[in-house]
Amino acid sequence: MIRSLSKTAMPAEDEALRMPVRAFLDEALRAMPVELRARSWMGFDVEFSRALAHRGWLGLTLPEQYGGGGRGAFSRFVLVEELLAAGAPVSAHWIADRQSGPLILKYGTEAQKQFYLPLICRGEAFFCIGMSEPNAGSDLASVSSRAVRTPSGWVLNGMKIWTTNAHRSHYMIALVRTSGAPQDRHKGLSQVIIDLSLPGVTIKPITDLTGDQHFCEVFFDNVQLDDAALIGTEGAGWEQVMAELAFERSGPERIYSSMVLLEEWIVYLRGRGRVGSEPIKLLGQMISHLAVLRAMALSITAMLQNGESPTIEAALVKDMGTEFEQQLPLLIADTLANDLASGRAVPSPLLKVLAYITQIAPSFSLRGGTREILRGVIARGLGLR
Amino acid sequence: MQEVIANALEQLLGAVSSPAEIRRIEAALACSESTRHQPPWAGLWKALLDSGFVDALVPEGTGGSGLSGMEVFPVALAAGRHALPLPLMHTMLVRGVLNSATQSLPEGPIAIAGIAVFGSDGSLSCPSVPFGRTADWVLVAIDDSCHLLPAAGATTVISGNGGSLDADMEWEPAWDALDALNLRHGGRDPGVSFAGGGTSGYTTRWHAAAACAHAALLAGVMQRILEMTVAYASERSQFGQVIGRFQAIQQQLSVMAEEVCAARMAAQVGFSHVGALLQPASRATRSRAMQAVAVAKARTSAAAPAVASIAHAVHGAIGFTEEHDLQIHTRRLHEMRMAYGAETYWHRKLGDDLVREVDRRTVDFIRL
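As given, the protein sequences belong to chains H and L, one line each in that order.
1 is the number of the first residue of the first sequence in this note's numbering; add one for each residue after it.
1001 is the number of the first residue of the second sequence in this note's numbering; add one for each residue after it.
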């Protein structure tokens, strides 16, 4: 069954992180145009990532012995919430911080932890996720990239696609087949850490419909990996990937992708003097949804902090969150179109931000598990599958 | 504490507020206007009185349990799940605020009127009072005072359809003579001049508190509707398998589960603030409480249409019959959505507040 979510209060010691982070961001992002801040967690800025690392805000939940902040999930929630609300350009370190680091902490050898985690915490190692392939999207278990044993490690052949930031990352953690055949599906899969500078690795960025490049194709042509490339247990790749996806789905980021647009629209409304009842109602509707989503996301964090595995509940909140993120630009588009057609002046930056978010919005419910897959997970939680 | 209360009430309501009992009460109300002297719900109310839940919010010094809003949240949820045909939560709120050493309230169920309208002749009418037909008393908040009027003294007309428990109630011009509250205070409740709180917005606050109670009832009844629908989809077979195996059904039920989950959290958002509405509190705290209630009632109301329509879609024709228990719950669901403001009413409140608070960041506004 699906567990009930209990409303959770943010512990005071974690809440205390908010104002220092906010003060830093207010200053650091002062000159950043709103059209760039609208990119939110897809905005890539190495210097910004290093500046966060310098303040101890990368790897916040990783142990201090590896250079991390040694703090809990609630602290990270506060940090992420402030970063996303401000539209901070966190893309470079985002995946490493959110899931690759925690994965290495959970499954890595001591040597792997000591090598990678400090680099992640210093903002010197950026990671990407090697899961999807051209013939393995939602059906992830059908991956065909293969790592074959050699005397010194593995040789890898195959390819990945839709790999965010592969062209700007140092490492990839990839799900590959290490034994058996494709029809074995979940069995015989492993995860490997690939140094993307190795010979045989070719990366081609994919331009998306907004004109930006985040997704990539990554080709592996007889890439020689050493023994230490294997992370976790050979053959346990599927369970490890499921754990990694739980990290990916559990933060507050799945509700805040459109925050910059929302804030910009509110600034516009406040500047108008008299606001009609339609936009007011619309704003209230958005707020009522967002406030509840935020409370649900925080409740999931509490479960994680308690050592629970809220897989189904996280899928539920992610699906609702991305639906909200996608609805927001559609609703704002309608009300702004009404304003424009009625002869009102609408600021150009707001319209540009709206255009960008509208275009990028379909990707919100494709990344990290599509809507239909997540609803299947929920259905399983209801006992229907 | 919450779990202990929840389990105790679950057991009680499971036994006494069954669908059969609800049908019996509704049928008795339908066939006779003069049920006031021997109400069909008398036994049910007595069971609730005996359980002690009715005084859960009353301070311990005055003979209650002194629980907080969040601690009694499971009570409201359970009342919703069992489609309890009595204003238990509303009675608890009124007794929690108004019961005091100098004023002991009558024992019967108390409904809270959403709106009070004065006729030109001085009569007082309250349209669509939720649970007006199963209440002994109605709390009517007017300006800076509140009055506890006997249902028996009103002309009561059912305001909904069929087994609705809501009623249009009207009292003749001499209604203040019927007020059960201590008239030496001129009809005001003793706590009305809170230190620093003043009396402004009193009517609004009672309205909001009732809306908050309804938000939890909505969350509870939607939880029950989800359970019934999943059970039905797991039992009903067509085309050689249970219909719950079809993806179209699964995806709809997932959407339903999402709405129910959100509704339950929304109601908790409201209940975590409800105390500030009716106890002494600063203006800022009270303002936040109003916003929390707005989120609670708006979001639970917004979930109702999808939950009701998916439930009836999955149940098919059998769920449309009077005989099937689904209708007991979906009828209540729609009525509760309408009471004390639905989506638009509370969305406007939230939108107005956020636009007006020019220095307020959204990320702070939503952290209720």
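We put the CB at the ideal spot given by N, CA and C, even for glycine.
Quick caveat: nothing in here was measured; it's all calculated off a predicted structure.
- [ ] Might you give, ordered along the chain, the residues of its own chain that have their beta carbon closer than 6 Å to the beta carbon of residue 167(H), omitting 5 neighbours on each side?
- [x] Listed in chain order, the non-local C-beta contacts of residue 167(H) below 6 Å within the same chain comprise 203, 205 and 216, local neighbours out to five positions each way being set aside.
Task: Spatially closest choice to residue 1255(L) from 150(H), 334(H) and 373(H), by CA coordinates - done: Closest option to residue 1255(L), judged by alpha-carbon separation, among 150(H), 334(H) and 373(H): 373(H).
Open item on the list: Contact criterion: CB-CB distance below 8 Å. Does residue 319(H) meet it with respect to chain L?
Closed with: Any Cβ of chain L closer than 8 Å to the Cβ of residue 319(H) would place that residue at the interface, and such an atom is present.
Open item on the list: Between the alpha carbons of residue 1144(L) and residue 1206(L), how many angstroms are there, rounded?
Closed with: Computed Cα separation, rounded: 11 Å.
TODO: Report the residue from 131(H), 189(H), 136(H) and 122(H) whose alpha carbon sits nearest the alpha carbon of residue 421(H).
DONE: Past the edges of chain H, shown from 1 to 385, lies residue 421(H), and the structure says nothing about it.
Task: Classification of residue 55(H) by the beta-carbon crowding that lies within 10 angstroms, buried from 16 upward - done: By the C-beta density criterion, residue 55(H) is exposed, having fewer than 16 other C-beta atoms within 10 angstroms.
- [ ] Would you give the residue range spanned by the beta strand (DSSP E) that residue 81(H) belongs to?
- [x] Judged by DSSP secondary structure, residue 81(H) falls outside any beta strand (DSSP E) and instead within the alpha helix (DSSP H) spanning 73-86.
TODO: Report yes or no: is there a C-beta of chain H within less than 8 Å of the C-beta of residue 1268(L)?
DONE: Yes, because at least one Cβ of chain H sits closer than 8 Å to the Cβ of residue 1268(L).
- [ ] Work out the CA separation of residue 1139(L) and residue 1055(L) for me, nearest whole Å.
- [x] Looking at the two C-alpha atoms, the distance is approximately 16 Å.
- [ ] Flag this pair as yes or no: are the beta carbons of residue 1342(L) and residue 292(H) separated by less than 8 Å?
- [x] At the C-beta level, residue 1342(L) and residue 292(H) stay beyond 8 Å of one another.
Task: Neighbour-count burial assignment, residue 1310(L), 16 or more Cβ in a 10 Å radius - done: The residue in question, residue 1310(L), is buried, as its Cβ has 16 or more Cβ neighbours within 10 Å.
Task: CA-to-CA distance, residue 1094(L) to residue 118(H), given in whole angstroms - done: Between the alpha carbons of residue 118(H) and residue 1094(L) lies a gap of roughly 59 Å.
TODO: Report the residues of the segment 188-210 of chain H with a CB closer than 7 Å to any CB of chain L, ordered along the chain.
DONE: Within the segment 188-210 of chain H, contact with chain L at the beta-carbon level (separation under 7 Å) is assigned to no residue.
TODO: Spell out whether any CB of chain L is found under 8 Å from the CB atom of residue 303(H).
DONE: It does not; no Cβ of chain L falls within 8 Å.
- [ ] Quick one: list the residues of chain H neighbouring residue 1234(L), beta-carbon separation under 8 Å, in chain order.
- [x] Going along chain H in sequence order, the residues near residue 1234(L) (Cβ under 8 Å) are 383 and 384.
Task: Which listed residue (1021(L), 1352(L) and 1132(L)) has its alpha carbon closest to that of residue 275(H) - done: Comparing Cα-Cα distances from residue 275(H) to each of 1021(L), 1352(L) and 1132(L), the minimum goes to 1352(L).
Task: At least 3 beta-carbon pairs within less than 8 Å: the segment 250-261 of chain H vs the segment 313-322 of chain H - done: Taking 8 Å as the limit for Cβ pairs, the verdict is that the segment 313-322 of chain H does touch the segment 250-261 of chain H.
Task: Runs of beta strand (DSSP E) lying entirely within the segment 136-223 of chain H, each at least 3 residues, in chain order - done: Taken in chain order, the unbroken stretches of beta strand (DSSP E) that lie wholly in the segment 136-223 of chain H and span 3 residues or more are 146-150, 153-161, 171-177, 189-195 and 201-207.
Open item on the list: Please state the DSSP three-state secondary structure of residue 1171(L).
Closed with: Three-state result, residue 1171(L): strand.
TODO: Determine whether the Cβ of residue 299(H) lies closer than 8 Å to any Cβ atom of chain L.
DONE: At least one CB of chain L lies nearer than 8 Å to the CB of residue 299(H).
Task: Sheet register partners of residue 1319(L) (DSSP bridge) - done: Paired residue(s): none; residue 1319(L) is not in a bridge.
Task: Against chain H: residues of the segment 1039-1060 of chain L by CB proximity under 7 Å - done: For the segment 1039-1060 of chain L, the beta-carbon criterion of a distance under 7 Å to any beta-carbon of chain H is satisfied by none of its residues.
Open item on the list: Counting only C-beta atoms, is residue 391(H) closer than 8 Å to chain L at any point?
Closed with: With chain H covering only 1 through 385, there is no way to say anything about residue 391(H).
- [ ] Flag this pair as yes or no: are the beta carbons of residue 1019(L) and residue 1087(L) separated by less than 8 Å?
- [x] No, these two residues do not count as a Cβ contact at 8 Å.
- [ ] Can you tell me the Cβ-Cβ gap for residue 191(H) and residue 112(H), rounded? I've got them flagged as a contact below 8 Å.
- [x] With a Cβ gap of about 11 Å, residue 191(H) and residue 112(H) do not count as contacting.
- [ ] Write down the C-beta distance between residue 2(H) and residue 382(H) rounded to the nearest angstrom, noting that I regard them as a contact closer than 8 Å.
- [x] That pair is a contact at about 7 Å.
Open item on the list: Rounding to the nearest angstrom, what Cα-Cα distance links residue 1068(L) and residue 1246(L) in this structure?
Closed with: Residue 1068(L) and residue 1246(L) have their alpha carbons spaced roughly 44 Å apart.
TODO: Run through the segment 1199-1240 of chain L for me and flag every whole alpha helix (DSSP H) of 4 or more residues, listed as ranges in chain order.
DONE: Entirely contained in the segment 1199-1240 of chain L, the alpha helix (DSSP H) runs reaching 4 residues are, in chain order, 1202-1235.
Task: At least three beta-carbon pairs within less than 8 Å, the segment 34-47 of chain H to the segment 329-338 of chain H - done: Contact between the segment 34-47 of chain H and the segment 329-338 of chain H is absent, because fewer than three Cβ pairs lie under 8 Å.
- [ ] Using DSSP bridges, identify the partner residues of residue 1155(L).
- [x] Answer is 1170(L).
Task: Pick from 1137(L), 1252(L) and 1355(L) that is closest to residue 1312(L), judged by C-alpha positions - done: Minimum Cα-Cα distance from residue 1312(L) among the listed residues 1137(L), 1252(L) and 1355(L) corresponds to 1252(L).
Open item on the list: Against chain L, with Cβ distances strictly below 8 Å, would residue 331(H) count as a contact?
Closed with: Output row for residue 331(H): interface = no.
Task: Cutoff 7 Å; reference residue 1257(L); Cβ partners in own chain excluding five residues on either side - done: Excluding its 5 nearest sequence neighbours in each direction, residue 1257(L) has C-beta neighbours in its own chain below 7 Å: 1226, listed in chain order.
- [ ] Entirely within the segment 1096-1125 of chain L and at least 3 residues each: give me those beta strand (DSSP E) ranges in chain order.
- [x] Runs of beta strand (DSSP E) with 3 or more residues, each lying fully within the segment 1096-1125 of chain L, are found at 1110-1112, listed in chain order.
TODO: Name the two residues that bound the continuous alpha helix (DSSP H) containing residue 1074(L).
DONE: Unbroken alpha helix (DSSP H) run through residue 1074(L): 1073-1081.
Open item on the list: With a threshold of 8 Å between beta-carbons, can residue 1192(L) be considered close to chain H, or not?
Closed with: The predicted model places residue 1192(L) with a pLDDT of 40, which falls under 50 and marks its position as unreliable; any figure quoted below should be read in that light. Taking Cβ atoms only, chain H never reaches closer than 8 Å to residue 1192(L), which makes this a no.
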